[in-house]
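Residue numbers (the working numbering), protein chains in the order written: chain E, 155 to 463; chain P, 19 to 391. Glycine included, every Cβ here is placed at the ideal spot set by N, Cα and C. Model, not experiment: these values are computed from the prediction.
Next up, the structure:
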């Protein structure tokens, strides 16, 4: 009975060692293992319920125990990775420009990290964090924002004139990164850790719900200004239903979706278009389904096409 | 183990095909550039060895095809007809007689020359060599120039048709022109020699050669190499015997006698052979250029316009996380394949994307076969 966590951990470690998962990030590995268990639990059950594993346990109990071990193992690599992103990839000094007051950068980053570590105990949050985390890892927003500041077309207009951000190019990129990082905070009010839950998906959130979460979020992330929190939360809202959603939120929504099923192509097949260009073109046709800003997608599509991304 | 052995055999055959083609070209070059007899002898022997190996290869393959009752498949689908045409006829009409001629000091050649017209024999021997170029098709088959089996098959088919057409048409035309001595360089050459024999016969009879006449003959027909009388006294010689031995094989020479049989007149046949060798090099150059065009121009074009878009669509339909669109070149956008690709890009992929959105949480790279509990 006492050694069940150890058995669960050993089982998870064996799954993680599988070469098929070698190229994936920790959270992607977690998702693949969860899906594997969900699909194959019936076939695995006779073995997993045997004396060497979890005798006398039901399928759900076994699933929960294995998942708990999986989370703990993944967290060992996920949290240091998150810390690195927060401390090295995001410069919180943009918050001073946003609010006009000086904030403590270290305190902010520590608060965000602590918040995420707590939030990512929730299964739905973990699932929805995959896209934003991959987007942050790949710094995908950086190259597109750099391009948009050069082009000075739709996105630049939306950022500077509509959203009225008085931030530099670098500060804007950091705000978008923070929006990506905190996008999953929309799951803050999600109840329990049911991994089968699909209660919050991209662009499936209503304005009122986001406002409700904002209240809770402000109390936990009091060092982060509401503008940044709104940008993060609103990245879960459909642009078609709320046309006044912030441009940074729209960008975060698109890049999180871009990276949610991200496949790293080591070699692009001859005759195929480039990955980003293909994805943005598909997204342009599905913009209503996902609630994306189609003009923004058009701009990203052109940027990807021109740069061979 | 067996597959390794077969691979080794296939590699050896592939190497031999390349070598035999090089050998064929070098043999023609040797003739054109007047290389020494010793080098040409080596080339004749190697040519015979190659033809013998390919004949054995053909017979072994045919034997196994008979044993496995798939003779038609071997001959037509697996291109056994190339194995046949580029082996047995060559052994019988080219390298075999050439080697025998070497061993018999040219007496066999003389027998053939007596039965047939000497030029016809020469042509039959040299024209048969064209068949070796058919082996180029087999080399092409072994080059992995395209990933798609369909592209390989299409390019191989069109290459076979082109090379076979060129070689067989040339073979048939050359054979016919050889058999009937259609007016041309070779027929002129033969007529000129016969006229020269008559002239020499009338002018000199059995008299000693006048140096002034010798000069005139020298300028009149550059193919006249030597005149001797019945006592083997040299009446005229373009070169010394050492030069003749060094640069002329028996089949390079044509020996004729005057009407009374008192004079022995030796002619040079190399110009005729060089003419055929030049034709062979020309044919081979044409084949090589066509193959290069197929390989580096047509094959990529076929891939870009047919197999690549099909491959991308196939991947997109097979693999859940493959969402790359087909790149549609503007100038081919009205091709059937790209019309289909447009449907794939504009309808299938967006539909698949929406479909996967709802079911992404059931996809895993792991399968039950990967796990050994």
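Residue i in three-state terms, based on DSSP
i: residue 190 of chain E; result: helix
i: residue 244 of chain E; result: coil
i: residue 344 of chain P; result: strand
i: residue 34 of chain P; result: helix
i: residue 271 of chain P; result: strand
i: residue 254 of chain E; result: coil
i: residue 347 of chain E; result: With a pLDDT of only 49 at residue 347 of chain E, under the threshold of 50, the placement of this residue in the model should not be trusted; the figure read from the coordinates follows. DSSP places residue 347 of chain E in coil when its eight states are reduced to three.
i: residue 314 of chain E; result: helix
i: residue 295 of chain E; result: helix
i: residue 88 of chain P; result: coil
i: residue 416 of chain E; result: coil
i: residue 445 of chain E; result: coil
i: residue 397 of chain E; result: coil
i: residue 183 of chain P; result: helix
i: residue 354 of chain P; result: helix
i: residue 276 of chain E; result: coil
i: residue 306 of chain E; result: coil
i: residue 319 of chain E; result: coil
Cα-Cα separation, residue i to residue j
i: residue 299 of chain P; j: residue 176 of chain P; result: 22 Å
i: residue 285 of chain E; j: residue 170 of chain P; result: 41 Å
i: residue 275 of chain P; j: residue 247 of chain P; result: 10 Å
i: residue 325 of chain P; j: residue 279 of chain E; result: 43 Å
i: residue 415 of chain E; j: residue 105 of chain P; result: 59 Å
i: residue 303 of chain E; j: residue 337 of chain E; result: 23 Å
i: residue 318 of chain P; j: residue 462 of chain E; result: 21 Å
i: residue 419 of chain E; j: residue 430 of chain E; result: 11 Å
i: residue 155 of chain P; j: residue 327 of chain E; result: 59 Å
i: residue 281 of chain P; j: residue 216 of chain P; result: 11 Å
i: residue 354 of chain P; j: residue 366 of chain P; result: 17 Å
i: residue 245 of chain E; j: residue 258 of chain E; result: 11 Å
i: residue 392 of chain P; j: residue 417 of chain E; result: Chain P is shown from 19 up to 391; residue 392 of chain P falls before or after that span and cannot be answered.
i: residue 66 of chain P; j: residue 23 of chain P; result: 25 Å
i: residue 171 of chain E; j: residue 389 of chain P; result: 10 Å
i: residue 167 of chain P; j: residue 225 of chain E; result: 46 Å
i: residue 71 of chain P; j: residue 82 of chain P; result: 17 Å
i: residue 399 of chain E; j: residue 392 of chain E; result: 8 Å
i: residue 441 of chain E; j: residue 373 of chain E; result: 34 Å
i: residue 356 of chain E; j: residue 407 of chain E; result: Below a pLDDT of 50, predicted positions are generally treated as unreliable, and residue 356 of chain E, at 47, falls in that range; no measurement from the model is reported.
i: residue 221 of chain P; j: residue 187 of chain P; result: 45 Å
i: residue 271 of chain P; j: residue 288 of chain P; result: 8 Å
i: residue 379 of chain E; j: residue 238 of chain E; result: 22 Å
i: residue 249 of chain P; j: residue 307 of chain P; result: 55 Å
i: residue 209 of chain E; j: residue 228 of chain E; result: 25 Å
i: residue 251 of chain P; j: residue 30 of chain P; result: 53 Å
i: residue 60 of chain P; j: residue 99 of chain P; result: 29 Å
i: residue 181 of chain P; j: residue 323 of chain P; result: 24 Å
Distance CB(residue i)-CB(residue j) smaller than 9 Å
i: residue 38 of chain P; j: residue 68 of chain P; result: yes
i: residue 319 of chain E; j: residue 401 of chain E; result: yes
i: residue 45 of chain P; j: residue 321 of chain P; result: no
i: residue 186 of chain E; j: residue 383 of chain P; result: yes
i: residue 58 of chain P; j: residue 267 of chain P; result: yes
i: residue 308 of chain E; j: residue 460 of chain E; result: no
i: residue 325 of chain E; j: residue 247 of chain E; result: yes
i: residue 63 of chain P; j: residue 264 of chain P; result: no
i: residue 149 of chain P; j: residue 191 of chain P; result: no
i: residue 331 of chain P; j: residue 358 of chain P; result: yes
i: residue 377 of chain E; j: residue 219 of chain E; result: no
i: residue 165 of chain E; j: residue 223 of chain E; result: yes
i: residue 218 of chain P; j: residue 284 of chain P; result: no
i: residue 375 of chain P; j: residue 444 of chain E; result: yes
i: residue 388 of chain E; j: residue 364 of chain E; result: yes
i: residue 375 of chain E; j: residue 265 of chain E; result: yes
i: residue 339 of chain E; j: residue 361 of chain E; result: no
i: residue 253 of chain P; j: residue 286 of chain P; result: no
Neighbour flag for residue i against chain B, beta carbons, 9 Å
i: residue 32 of chain P; result: The structure shown contains no chain B; its protein chains are E and P.
DSSP bridge partner residues for residue i (one or two, in chain order)
i: residue 244 of chain P; result: P/255, P/284
i: residue 359 of chain E; result: E/391
i: residue 426 of chain E; result: P/344
What runs of the alpha helix (DSSP H), each 4 residues or longer, lie entirely inside the stretch 273-322 of chain P?
288-311, 317-320
4 or more residues per run - each alpha helix (DSSP H) lying fully within the stretch 167-231 of chain E
180-202
Give, in chain order, every unbroken run of the beta strand (DSSP E) that is at least 3 residues long and sits entirely within the stretch 45-112 of chain P.
none
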